[in-house]
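Peer 1: Position one of the sequence shown corresponds to residue 1 (the UniProt record's numbering), numbered consecutively onward.
Heads up, the beta-carbon is just placed ideally off N, CA and C, and yes, glycines get one too.
I am attaching a structure below and will ask some questions about it afterwards.
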Amino acid sequence: MPTISQVKAAGDPTCRTGTGVRLYLNTLTPTFSAYVGDLDAQNVRLQVEITPVGGSARPLLESTNGARNTVHAVTVPAGQALVVNTVYTYRVRALDLTSTGAAVDYSPWTTPCEIQYDATTLDSAPQITDVPTVDVDGELWPVLKFGRGNLVTFRPDPADAGEVVRYSYGFSADRVGDSSVSVPAGLDGSATVTITPWEVDGTNAPASSSTLYVRAFTGSGTLASSKMASMDLFFDYLDMIDGNGVLVPPAAKPDDVNGDGLADLSGFRDLGTGKGMFYSYSGKSDGSTLEPISLMTTNAYTDADTRTVQGDFNGDGKTDFAAFKSISTSSTTVSLLRSTGTVPYADVLADVQVKALALNLANMKIMAGDVNADGKDDLAFGYLNTTTNWNIKVMLASVDGHGTVTPHDDEVLFANPVDWLAVSPGSNLNNAQLVMGQFDKVPGADIMEFFDHGSCRTGGFLHKNLGTTFSAGQVVWDSNTTGAWCAASARYTVGRYATGAYGLDGIVATYDPGSCRMNVYTFTPKHVAPNDTWTMEGPTLRFDSGPSVELFCWNWTEPELRDLSGDGKDDLLLTYRCCGAFQQRVWQLDSNGTGFDAPVLKWQGALGPAGTGSLKYNGTTHYQFVAKHSGMCLAVNGSPIDGTALVQQPCARNLLDQRFVLEQRGAGHVRLHPQHITSKCIIYDVVGAGSPIIQKSCSATGSKESFQLDYVSGFTNDPANPLPTDVAVKIVSNTTASRCVSVQGASMAAAAATVQDACQPPGYGSQTYYLRALPAQQPSMTARWTMGESGGTTLADGTGNTATAKIAGSGVVGSGVLTLNGTSQYASTTGGAVHTGMSYTVSAWAKLDVGARSQTILSQEGATNYSFALRQNVNGKWNFTVLSNANSSVFTSYIASSTAVAPLNTWVHLTGVFDQATGQARLYVNGVLEGTATGVTAGSSGPVFIGATKINGARAEYFDGQIDDVRMWNYVLTPTEITAAAAARS
């Protein structure tokens with residue numbers, strides 16, 4: 001008989017059924033594949049049966065005849081394409097063939113799986129809400145403050161709830177598309193943005209109104225699936241003009257992109273698709289930021305061919321971008337992406353080419369600053385002529401005259417590059433890093449050169465601005481006097497972080513000591529009184545992430561100084577580009593006047609096109625890791641023992657050993673704490689392919705318990721509604737980034753172990769896990785089996801927690817009861833329903849056919865013995881027994897016993913309670929407290945057994961009689977609740 005395994009639809013091994021859970025396709029002609037094995041040497045063939053739900057099976061699809069022990073595939077032909085939004089089941093089997101192709105034998109059909117082509121489109125335009133209004137003669141007008149930040153919220157139409165992932169918006173309808181400005185939607189589908197109107201007419205007077213356009217996108221990100229809304233907005237500009245009606249902008253604030261008087265954090269990101277994206281986090285008055293606004297530009301900018309700098313190039317108080325793009329080794333273009341402040345960026349960063357240079361971008365080191373002290377930032381760059389000669393060139397910025405009738409045409413002009421310094425012969429620009437800032441009291445930006453002398457010796461040279469030239473380098477620091485400084489291990493940024501620094505810029509360096517450790521140093525301005533000169537103190541260590549544990553991988557970190565807190569001191573912002581495609585984190589180290597406080601996570605999420613999900617997590621929420629290939633959850637089987645394997649088990653939200661809290665370990669790494677015993681961590685104790693992933697007591701200095709979660713796919717994460725579009729991750733080990741947590745052998749079986757394995761491309765099934773946020777666990781009934789089935793081999797869990805029990809040994813369910821023979825029959829789950837180290841209550845109705853023998857109605861297992869048992873003892877009395885350690889052969893039994901012998905052929909209601917706060921076990925018979933016992937238990941959350949238990953690793957104490965309405969709770973029921981439950985059988 002042939003065998004079949006590794007079944008995939010459209011390359012995905014997911015097999016699930018139900019709305020929001022089934023496999024959603026993006027093609028109407030999917031390909032199905034499977035590995036077909038056979039013991040003999042005959043050929044084999046694959047068959048696929050597709051059936052619309054509620055309809056008849058379609059004609060079988062068959063692969064061509066092929067060799068055994070290989071993957072076979074078949075594609076739905078165009079003439080049999082699936083129907084949009086129709087749900088289908090599919091199943092596959094293999095044929096064993098003779099040499100002539102005749103069928104000899106068939107494998108069994110696989111379990112049916114559901115598929116559906118996803119053609120989600122929005123029903124209605126989005127809603128523009130929370131717009132400030134003004135009452136004009138009883139009518140509310142939407143009015144925004146001109147030149148000020150105005151918060152506006154976009155929401156999906158109720159008919160599109162759960163489908164909107166991103167919004168694009170602007171004051172021009174033809175620019176509101178997927179390539180224009182966009183912001184991600186939150187879990188509720190809404191997004192709040194800052195709109196700062198700076199629209200002017202042809203005479204530079206404020207415009208009185210404009211139309212805001214907003215487009216909502218589904219996960220596909222296509223215009224065809226989107227809807228657009230619009231709203232006419234009016235602008236209140238009375239406090240922004242002088243007596244002559246001329247616009248008077250507010251005082252300029254450094255790094256303010258939208259012109260609202262607050263610093264923003266902005267930058268450029270290579271999307272890895274041949275396109276780039278400019279982004280900005282709009283600052284708020286409380287020091288926080290809004291979700292980033294992104295602009296996917298029409299020109300393709302990438303890290304490989306583009307260098308960007310920021311500055312206020314037209315002196316209007318709003319930060320712009322200049323992009324240098326390589327055309328060839330002898331041609332570079334300079335484009336200005338000018339902020340008009342309107343943030344909608346679709347109108348803001350106009351991608352305008354302003355200059356073509358006959359220079360090689362690879363030879364440039366680019367800076368921006370106000371070189372000629374005219375209030376407008378200029379462009380400057382070091383240019384490598386030869387390996388022994390380089391120049392500093394300056395392109396001064398100016399603005400053409402105003403007076404046309406077309407808005408936004410005050411064009412920024414950059415002059416042709418002019419040499420301001422020819423560096424001394426023998427110097428190689430490849431060995432230098434250049435930064436620009438106001439480093440002395442003479443007007444005009446200066447340049448600091450950090451030069452690599454080799455052998456981890458670095459020198460700091462100040463090139464002073466002399467008005468029309470820069471001075472030769474003045475030595476202000478040599479690492480020979482302060483300790484080794486490897487030039488290639490440092491990045492620099494400029495700003496005013498220190499009080500008492502004469503109003504001058506200082507320099508902050510992030511430094512790489514190795515092994516994902518990062519240091520922060522400052523070079524602070526210093527005045528030398530005797531000769532009235534300026535130099536730099538430092539470097540002074542201000543932050544050390546430390547070895548092994550708090551991992552800040554320097555190579556993923558970009559430093560910027562920004563006064564986001566609004567206290568007049570620049571804070572250090574670390575943009576951390578880790579954690580999968582399009583993901584980014586921002587850490588903030590607040591300035592304390594001399595150095596910086598410890599880093600605080602400012603933002604985490606995605607910068608990318610529609611359909612990109614944000615990988616966000618915190619240190620308090622509980623998460624499940626759902627293996628994409630099997631649909632099972634990572635778990636440690638409720639064990640408290642070090643060395644317990646991390647395995648996959650059927651998901652059950654109530655089980656604490658399937659719930660993990662992610663403790664931040666540095667900038668992008670986490671520790672995984674199973675919640676049944678929070679002092680444990682998931683760890684790869686032995687480094688090596690195939691080595692197991694286990695649970696172990698957490699170590700303060702251990703590095704092997706740190707993992708990085710890398711985003712793979714998805715954009716949703718609603719705890720109440722798991723979807724196949726949920727955010728999925730891979731779990732990457734810290735010690736070697738080439739190893740990922742993998743379900744061994746891509747097994748579909750419960751209890752299959754996880755191991756370290758070579759990381760595969762994103763989306764590889766057995767290394768991909770849905771990161772499912774769970775609602776906080778509330779006191780609740782965690783499992784209930786009512787025995788309402790009429791035959792069959794399973795007992796459904798009535799709580800919705802999927803704790804299905806499977807009947808073994810031909811036990812019989814029918815007429816509302818489970819009947820067992822006392823020798824071989826029972827029912828069991830694959831996972832626990834409570835954690836027995838915490839408070840819980842269990843109950844059942846039982847009727848004995850035979851008395852005075854050890855027999856168990858209900859128990860939950862540990863590794864070696866039961867953790868608790870609701871049972872009859874050999875003397876015929878009811879017991880509720882709790883063991884001190886169910887994972888060992890050495891334990892203490894705490895037994896709460898009834899006073900009377902259990903009756904035969906009589907329905908009795910039994911309740912067992914364990915109160916963690918007091919350590920007391922209590923037994924109730926027919927709602928009356930019969931006995932108590934007190935002790936300490938380690939607890940477990942192993943499988944539940946109805947009608948049997950485990951003793952010394954073996955099945956034991958089979959129940960002879962009938963059982964009904966078994967219930968389990970994760971808290972202590974009150975005596976009143978217990979009495980009410982015992983009043984009558986349901």
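1. Cα-Cα, which of Ile-857, Ser-479, Leu-662, Gly-454 is closest to Val-944?
2. Would DSSP call Glu-705 helix, strand or coil?
3. Ser-328 by DSSP, collapsed to three states: which one?
4. What residue range is occupied by the uninterrupted beta strand (DSSP E) comprising Ala-34?
5. On the three-state DSSP scale, how would you describe Asp-570?
6. Helix, strand or coil for Leu-655 per DSSP?
7. Roughly how many angstroms separate the alpha carbons of Arg-946 and Tyr-826, rounded to a whole number?
8. Between which two residues does the alpha helix (DSSP H) carrying Ile-978 extend?
9. What span of residues does the beta strand (DSSP E) with Tyr-167 cover, start to end?
10. Does the Cβ of Met-1 have 16 or more other Cβ atoms within 10 Å, making it buried, or fewer, making it exposed?
11. When the distance is taken between beta carbons, is Asn-258 closer than 8 Å to Gly-149?
12. Alpha carbon to alpha carbon, what distance is there between Ala-652 and Gly-831?
13. Go ahead and label Asn-480 buried or exposed: buried means 16 or more other beta carbons lie within 10 angstroms of its beta carbon, across all protein chains shown.
14. At 4 residues or longer, and completely inside the stretch 503-557: list those alpha helix (DSSP H) runs for me, N to C.
15. According to DSSP, Ala-805 sits in a beta bridge with which residue or residues?
16. Check for me: the beta strand (DSSP E) holding Glu-957 runs from which residue to which?
17. Beta carbon of Ala-445, beta carbon of Gly-369: below 8 Å?
18. Leaving out the 5 sequence neighbours to the left and right, which residues in its chain are closer than 7 Å to Gly-500 when beta-carbon positions are compared?
19. Give the DSSP-derived three-state secondary structure of Met-748 in the structure shown.
20. With a threshold of 8 Å between beta carbons, is Pro-609 in contact with chain B?
21. Can you tell me which of Phe-451, Arg-577, Gly-595, Pro-77 puts its alpha carbon nearest to the alpha carbon of Asn-428?
22. For the candidate residues Thr-333, Pro-443, Ala-161, whose alpha-carbon lies nearest to that of Asp-374?
23. What separation, rounded to the nearest whole angstrom, lies between the Cα atoms of Tyr-345 and Ser-294?
24. Given a cut-off of 8 Å, decide if Arg-496 and Lys-569 are closer than it, judged by their beta-carbon atoms.
25. For Trp-109, does the count of other Cβ atoms within 10 angstroms reach 16, so buried, or fall short, so exposed?
26. Can you have a look at Leu-349 and say buried or exposed, based on whether 16 or more other CB atoms are within 10 angstroms of its CB?
27. For Ile-951, which residues in the same chain have their Cβ closer than 8 Å to its Cβ, ignoring the five residues on either side in sequence?
28. Of the choices Asn-618, Leu-655, Lys-628, whose alpha-carbon is the least far from that of Val-636?
29. Could you compute how far the alpha carbon of Gly-862 sits from the alpha carbon of Thr-918?
30. Would DSSP call Leu-271 helix, strand or coil?
31. Contact between the stretch 78-90 and the stretch 34-41 is defined here as three or more beta-carbon pairs at a separation below 8 Å; is this criterion met?
32. Could you check what DSSP says for Gly-495 in three-state terms: helix, strand or coil?
33. Take every Cβ of the stretch 143-163, pair it with every Cβ of the stretch 124-132, and state whether three or more of those distances are shorter than 8 Å.
34. Note down the Cα distance separating Val-343 from Ser-280, rounded to an integer number of angstroms.
35. Given a threshold of 16 other Cβ atoms within 10 Å of its Cβ, counted over all protein chains shown, does Asp-505 qualify as buried or as exposed?
36. Strictly by DSSP, which residues pair up with Cys-740?
Peer 2: Well, looking at it:
1. Position 944 of the sequence shown, counted from the first residue, corresponds to residue 944. Measuring from the Cα of Val-944, the nearest candidate turns out to be Ile-857.
2. Taking the first residue of the sequence shown as position 1, residue 705 is located at position 705. It is coil, neither helix nor strand.
3. The sequence position of residue 328 within the sequence shown is 328, counting from 1. DSSP places Ser-328 in strand when its eight states are reduced to three.
4. Numbered from its first residue, the sequence shown carries residue 34 at position 34. That run of the beta strand (DSSP E) goes 31-37.
5. Taking the first residue of the sequence shown as position 1, residue 570 is located at position 570. Three-state DSSP puts Asp-570 in coil, outside helix and strand.
6. In the sequence shown, residue 655 corresponds to position 655, counting from 1. Leu-655: coil per DSSP, three-state reduction.
7. Along the sequence shown, one-based indexing puts residue 946 at 946. Along the sequence shown, one-based indexing puts residue 826 at 826. First, the amino acid is wrong: residue 946 is Ile here, not Arg. For Ile-946 and Tyr-826, the distance between alpha carbons rounds to 6 Å.
8. The sequence position of residue 978 within the sequence shown is 978, counting from 1. Unbroken alpha helix (DSSP H) run through Ile-978: 975-981.
9. Here the question's residue 167 lines up with position 167 in the sequence shown. Residues 166-170.
10. Against the sequence shown, residue 1 aligns to sequence position 1. Met-1 comes out exposed.
11. Within the sequence shown, residue 149 is the residue found at index 149, counting from 1. Within the sequence shown, residue 258 is the residue found at index 258, counting from 1. Closer than 8 Å, so yes.
12. Here residue 831 corresponds to residue number 831 of the sequence shown, with the count starting at 1. Here residue 652 corresponds to residue number 652 of the sequence shown, with the count starting at 1. For Gly-831 and Ala-652, the distance between alpha carbons rounds to 8 Å.
13. Locating residue 480 in the sequence shown gives position 480, where the first residue counts as 1. Classification for Asn-480: exposed.
14. none
15. Residue mapping note: residue 805 aligns to position 805 of the sequence shown, counting from 1. DSSP lists Leu-795 as partners of Ala-805.
16. Along the sequence shown, read from residue 1 onward, the residue named residue 957 stands at position 957. Run containing Glu-957: none; DSSP gives neither H nor E here.
17. On the sequence shown, position 445 is the one that residue 445 refers to. On the sequence shown, position 369 is the one that residue 369 refers to. Taking 8 Å as the Cβ cut-off, Ala-445 and Gly-369 qualify as a contacting pair.
18. To locate residue 500, count along the sequence shown from 1; it is residue 500. Here the set comprises nothing.
19. Numbered from 1 along the sequence shown, position 748 holds the residue referred to as residue 748. The answer is coil: DSSP assigns Met-748 none of H, G, I, E or B.
20. Within the model displayed, chain B is absent; a lone protein chain is all it includes.
21. Stepping through the sequence shown from its first residue, residue 428 is reached at position 428. Looking at the Cα atoms, Phe-451 is the closest of the given residues.
22. Translated into positions along the sequence shown, residue 374 becomes position 374. Nearest of Thr-333, Pro-443, Ala-161 to Asp-374, Cα basis: Pro-443.
23. Position 345 of the sequence shown holds residue 345. Position 294 of the sequence shown holds residue 294. Reliability of the predicted coordinates at Tyr-345 is poor, the pLDDT of 37 falling under 50, and the value obtained from them is presented with this limitation in mind. Distance between the alpha carbons of Tyr-345 and Ser-294 is about 8 Å.
24. Position 569 of the sequence shown holds residue 569. Position 496 of the sequence shown holds residue 496. Contact: yes.
25. Working through the sequence shown from its first residue, we reach residue 109 at position 109. Trp-109 is exposed by the Cβ-count criterion.
26. Taking the sequence shown and counting its residues from 1, one reaches residue 349 at position 349. With a pLDDT of only 44 at Leu-349, under 50, the local geometry of the prediction cannot be trusted, and the value read off the model is given with reservation. That one is buried.
27. Walking along the sequence shown from the start, residue 951 turns up at place 951. Closer than 8 Å at Cβ, skipping near neighbours: Asn-865, Tyr-866, Glu-957.
28. Numbered from 1 along the sequence shown, position 636 holds the residue referred to as residue 636. Measuring from the Cα of Val-636, the nearest candidate turns out to be Leu-655.
29. For the purposes of this step, residue 862 is taken as the residue at position 862 of the sequence shown. For the purposes of this step, residue 918 is taken as the residue at position 918 of the sequence shown. Between Gly-862 and Thr-918, the C-alpha separation is close to 22 Å.
30. On the sequence shown, residue 271 is found 271 positions in, with the first residue counted as 1. Leu-271 falls in the coil class under three-state DSSP.
31. no
32. Here residue 495 is taken as the residue at index 495 of the sequence shown, counted from 1. Gly-495 falls in the strand class under three-state DSSP.
33. yes
34. Residue 343 sits at position 343 when you count from the first residue of the sequence shown. Residue 280 sits at position 280 when you count from the first residue of the sequence shown. Caution applies to Val-343, whose pLDDT of 42 falls short of 50 and renders its modelled position unreliable; the value that the coordinates give is listed next. One C-alpha to the other measures close to 9 Å.
35. In the sequence shown, counting from the first residue as 1, residue 505 sits at position 505. With 16 or more other Cβ atoms within 10 Å, it is buried.
36. Taking the sequence shown and counting its residues from 1, one reaches residue 740 at position 740. DSSP lists Val-732, Asp-757 as partners of Cys-740.
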